[in-house]
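Student: Here it is: the structure, laid out below.
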Amino acid sequence: MNGLIHHIDLNASDLAASKRVYSLLLGALGYACVRDDGECEWDIRTPQGFASIGLKQARVSGAHKRYAPGIHHLAWSVDSRAEVDRVHTLLRDAGVRILDAPTLYPEYSADYYAVFFEDPDGIKLEVLNAPSFADPGRTP
C-alpha cells in the first residue's frame with residue numbers, strides 16, 4: 001500500500017470557467033481528460049500510482065474561503081524548475097490569476113521552487129519543483 005491520493009473532486013461555481021483553467025493546467029502536467037459530460041475528470045498514471053481530479057458544478061452558492069475549514073490549496077510536483085516556469089508562462093498567457101511568480105521558498109526547503117495561482121473560485125493552486133523535499137531522509 002502506497003497511500004497516494006487516488007482522487008480529488010472540486011465544486012465550481014462556473015464549471016466552464018474552471019474547466020478552462022484545469023484543462024490547461026492538468027493537460028500541461030500530463031493528465032488526460034477522461035470525462036466531459038456535465039462533469040469533468042482528468043486522470044494520470046505514473047509508476048507511483050494513479051490519481052484523478054474531478055470538477056462538478058456547485059449545488060450551492062458561496063465564495064471559497066482559503067482560511068475557513070476546507071481546502072487551503074492543492075500542489076503538483078514537476079521534474080524541474082524549467083517545468084515550473086513553463087506552466088507559469090502558460091497560465092499567465094491564458095489570463096489565469098498568478099498570486100506569486102516562480103521563486104525559491106527556502107523556508108520549505110533549500111531547493112523549493114514554486115509558482116502560486118488561483119482557479120476562478122479562488123482556490124489556491126501551486127506547481128513546484130523541490131527534489132530534496134521528497135527525500136525519504138527528510139524530517140517532517
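Using the UniProt record's numbering, you'd call the opening residue of the sequence shown number 1 and step up by one each time.
Backbone N, C-alpha and C define an ideal beta-carbon position, used for all residues, glycine too.
1. Compute the Euclidean distance between the alpha carbons of Phe117 and Leu26, then round it to the nearest angstrom.
2. Excluding the 5 residues flanking Ile44 on each side, which residues of the same chain have their C-beta closer than 6 Å to its C-beta?
3. To the nearest angstrom, how far is it from the Cα of Asp79 to the Cα of Ser132?
4. Could you pull the DSSP bridge partners for His73 from this structure?
5. Three-state secondary structure (DSSP) at Asp93?
6. What would DSSP say about Tyr108, mapped onto helix, strand or coil?
7. May I ask you to report which of helix, strand or coil DSSP gives Val84?
8. Indicate whether Leu55 and Tyr105 have their beta-carbon atoms separated by less than 8 Å.
9. Determine the extent of the alpha helix (DSSP H) in which Lys19 is found, giving its start and end residues.
10. Judging by CA-CA distance, which residue of Ala68, Asn129, Gly122 and Ile71 is the nearest neighbour of Asp85?
11. Does the beta-carbon of Leu99 have 16 or more other beta-carbons within 10 angstroms, so that it is buried, or is it exposed?
12. Which term fits residue 217, buried or exposed, when burial requires 16 or more other beta carbons within 10 angstroms of its beta carbon?
Tutor: The structure says:
1. In the sequence shown, residue 117 corresponds to position 117, counting from 1. In the sequence shown, residue 26 corresponds to position 26, counting from 1. The alpha-carbon of Phe117 is positioned some 14 Å away from that of Leu26.
2. The sequence position of residue 44 within the sequence shown is 44, counting from 1. Within the same chain, Ile44 has close Cβ partners Gly30, Tyr31 and Ala51.
3. To locate residue 79, count along the sequence shown from 1; it is residue 79. To locate residue 132, count along the sequence shown from 1; it is residue 132. Asp79 and Ser132: Cα-Cα distance of roughly 12 Å.
4. Counted from its first residue, the sequence shown places residue 73 at position 73. Partner(s): Lys124.
5. For this step, residue 93 is matched to residue 93 along the sequence shown. The answer is helix: DSSP assigns Asp93 an H, G or I state.
6. Position 108 of the sequence shown, counting from 1, holds the residue named residue 108. Reduced to three states, the DSSP call for Tyr108 is coil.
7. Here residue 84 is taken as the residue at index 84 of the sequence shown, counted from 1. Three-state DSSP puts Val84 in a helix.
8. Translated into the one-based positions of the sequence shown, residue 55 becomes position 55. Translated into the one-based positions of the sequence shown, residue 105 becomes position 105. Contact flag unset, no.
9. Position 19 of the sequence shown, counting from 1, holds the residue named residue 19. That run of the alpha helix (DSSP H) goes Leu15 to Ala28.
10. One-based indexing of the sequence shown puts residue 85 at position 85. Minimum Cα distance to Asp85 is reached at Asn129.
11. Here residue 99 refers to the residue found at position 99 of the sequence shown. Per the 10 Å Cβ criterion, exposed.
12. Outside the modelled stretch of the chain, which goes from 1 to 140, sits residue 217, for which no answer is possible.
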